[in-house]
Amino acid sequence: MFNFGVPGYRPEWVEINHWKFDEVSIAWNTIDPKRALDWQDFHLAWRDDTPDELAALVGQPCSAVELLMWRNRDLVEGTIVSLGFGFPNGQVTIHNALDENGIELTSPGDRYARYTLGPSDS
Numbered sequence: 486m487f488n489f490g491v492p493g494y495r496p497e498w499v500e501i502n503h504w505k506f507d508e509v510s511i512a513w514n515t516i517d518p519k520r521a522l523d524w525q526d527f528h529l530a531w532r533d534d535t536p537d538e539l540a541a542l543v544g545q546p547c548s549a550v551e552l553l554m555w556r557n558r559d560l561v562e563g564t565i566v567s568l569g570f571g572f573p574n575g576q577v578t579i580h581n582a583l584d585e586n587g588i589e590l591t592s593p594g595d596r597y598a599r600y601t602l603g604p605s606d607s
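Each residue of the sequence shown is one higher than the last, beginning at 486 in this note's numbering.
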């Protein structure tokens with residue numbers, strides 16, 4: 486879960502959930518990080534070990550959003566498995582790490598076909 490500021494809007498909590506190889510759910514403001522986590526038979530807790538590179542993006546507006554399609558010749562080639570978020574001073578890629586979301590703090594490069602999302606020109 487990430488808190489993104491979009492210019493002109495109040496900050497939003499963005500929740501990203503990958504499952505299977507090619508399915509992703511994106512929701513806004515459905516989870517309250519101030520509430521304790523309660524999941525039967527699991528001990529869950531909010532993590533507080535934010536990488537320095539990610540913490541450095543706090544307060545910056547999200548300036549770009551991309552759907553990323555994996556290009557390597559493997560089982561998941563051709564499926565949209567990642568989301569890229571651009572900031573004035575950095576990039577965050579959220580990818581499917583099978584049983585959890587993975588985070589990369591560098592440009593996704595040539596491993597992905599990139600599809601930029603934005604306002605319609607019409």
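Positions of the beta carbon are idealized from the N, C-alpha and C atoms, including for glycine.
Note that the coordinates shown come from a computational prediction; the quantities given were computed from them, not determined experimentally.
- Boundaries of the beta strand (DSSP E) harbouring Leu552: Ala549 to Trp555, taken from the DSSP string.
- By alpha-carbon distance to Pro536, the top candidate from Gly603, Arg599 and Ile588 is Ile588.
- One alpha carbon belongs to Pro593, the other to Glu585, and they sit about 18 Å apart.
- The alpha-carbon separation between Asp523 and Thr515 amounts to approximately 15 Å.
- Taking 8 Å as the cut-off, the Cβ atoms of Tyr600 and Ser567 do not count as close.
- Relative to Val577, the option among Pro518, Val550, Lys519 and Trp498 whose CA is nearest is Val550.
- By the 16-neighbour rule on beta-carbons within 10 angstroms, Phe570 is buried.
- Rounded to whole angstroms, the gap between the alpha carbons of Gly575 and Pro546 is 11 Å.
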